[in-house]
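Top to bottom, those sequences are chains A and B.
FYI, in the working numbering the residues of the first sequence are 6 to 117.
FYI, in the working numbering the residues of the second sequence are 15 to 126.
No residue lacks a Cβ here, since even glycine has one placed at the ideal position from N, Cα and C.
Worksheet for the structure shown next.
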Amino acid sequence: NAGVTQTPKFQVLKTGQSMTLQCAQDMNHNSMYWYRQDPGMGLRLIYYSASEGTTDKGEVPNGYNVSRLNKREFSLRLESAAPSQTSVYFCASVMAGSYEQYFGPGTRLTVT
Amino acid sequence: GENVEQHPSTLSVQEGDSAVIKCTYSDSASNYFPWYKQELGKRPQLIIDIRSNVGEKKDQRIAVTLNKTAKHFSLHITETQPEDSAVYFCASLGDSSYKLIFGSGTRLLVRP
C-alpha cells in the first residue's frame, strides 16, 4: 500500500514549456486534490475532483488544467509554464465519508 | 470568499513549555477544523481535528478548542519536545464539503 504517490519529485522548466504532474492513490479514495505551497502562504487549492469523472476549480486555477483519468489517478497540467508557477505541488486524496486528506510527497517545480 | 487567518507566523518556546496557535475563520457554515503538521521537506500530516458540535478534543499532549460563536479555534501543545518543531497549519471546511481552506502556517521551534 503506497498511499499517495507523485511524479516527478523535482522538475525544472523554462518559461513557456509544458508538463504534466502525475498523482496516483491506491487507497480507493473518491476525492482527489491538487495544491500549491508557497512560502508564507500555506496550501492553496488549484483543482479538485470530488469523484471519478468530475473536476472543479479551487482558489488558484488559472494556468492549470486537470484530468481525473480514473479513480486512482489525477493529473495536473501546465500548458505554458510561467515563473509565477514555481512552487511545491501536493496531491491529496480523501476517503468517501471522511474529511481527512492524505497528501503525497510533493513535486518541487522551478520555472526559469 | 472564505478565509482562515492563523497567528503567530513563528513561535519559539523552551522545551517543556506549552505552545498555542490560533486561527479564525470567516465562513459561519464551516463544520470541520483540522490541524496538519509539516516537517521540513515532508508532506503535511493530520495531527488532530474537531467537528463543530464539539468544543474541545484532546489527544495526549495535543488539544484543539473551538469557539463557534467567535469563529476561533486553537491548537494547544503541552510539554513541548524538540520533535514538535515543524510548521503547523489550521484549516476549515468551506461552503463545499470538499474544499479545505488552509491558514498560512505557524513555524514552531522548540529549543532544547
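Chain-order list of residues whose beta-carbon lies under 8 Å from that of residue i (same chain, five-residue window excluded)
i: A/ASP61; result: TYR52, TYR53, SER54 and ALA55
Test: residue i CB closer than 8 Å to a CB of chain D
i: B/LEU122; result: Looking at the structure shown, chain D is missing, and the protein chains on hand are A and B.
Proximal residues to residue i (C-beta, below 7 Å), its chain only, five neighbours per side dropped
i: B/LEU122; result: LEU25, ALA33, ASP98, SER99, ALA100 and TYR102
Own chain, CB closer than 6 Å to residue i, minus 5 neighbours either side, in chain order
i: B/ILE35; result: LEU89, TYR102 and THR120
i: B/PHE87; result: CYS37, PHE47 and LEU80
i: A/ASN25; result: Position check: residue 25 of chain A holds Thr in this sequence, whereas Asn was assumed. For A/THR25, where only same-chain residues beyond five positions count, the Cβ hits under 6 Å are SER80 and ARG82.
i: A/ASP43; result: SER92
i: A/MET100; result: HIS34
Reference residue i; option with closest CA among the options
i: B/GLU93; options: B/GLU19, B/GLU16, B/HIS21 and B/GLU29; result: B/GLU29
i: B/GLY108; options: A/PHE95, A/ALA97, A/ALA101 and A/GLU64; result: A/GLU64
i: B/LYS82; options: B/GLU70, B/ILE61, B/LEU60 and B/LYS113; result: B/GLU70
i: B/PHE116; options: B/PRO58, B/ASP31, B/GLU53 and B/VAL27; result: B/PRO58
i: A/SER173; options: A/ALA86, A/SER72 and A/MET37; result: Past the boundaries of the shown model lies residue 173 of chain A; chain A is included only from 6 to 117, so the question cannot be answered.
i: A/ARG49; options: B/VAL18, B/GLU53, B/ARG125 and B/LYS85; result: B/VAL18
i: B/ASP41; options: B/PRO96, B/SER66 and B/GLN52; result: B/SER66
i: B/GLU53; options: B/GLN20, B/PRO96, B/ILE64 and B/ARG75; result: B/PRO96
i: B/ARG75; options: B/GLU16, B/ASP31 and B/PRO22; result: B/ASP31
i: A/LEU18; options: A/GLU84, A/PHE95 and A/CYS96; result: A/GLU84
i: B/TYR39; options: B/ALA84, B/VAL68 and B/PRO126; result: B/ALA84
Whether residue i touches residue j by CB criterion (8 Å)
i: A/ASN67; j: A/ARG82; result: no
i: A/THR59; j: A/THR91; result: no
i: A/PRO88; j: A/THR20; result: yes
i: B/SER118; j: A/GLY45; result: yes
i: B/SER106; j: B/SER44; result: yes
Opposing strand residues paired with residue i [DSSP bridges]
i: B/HIS90; result: B/VAL34 and B/ALA77
i: B/TYR39; result: B/VAL18
* Touch test, the region 75–91 of chain A against the region 25–38 of chain A, Cβ-Cβ under 8 Å, three pairs minimum -> yes
* Asked: Three or more C-beta pairs closer than 8 Å, one from the region 47–61 of chain B and one from the region 102–114 of chain A: is that the case here?
  -> yes
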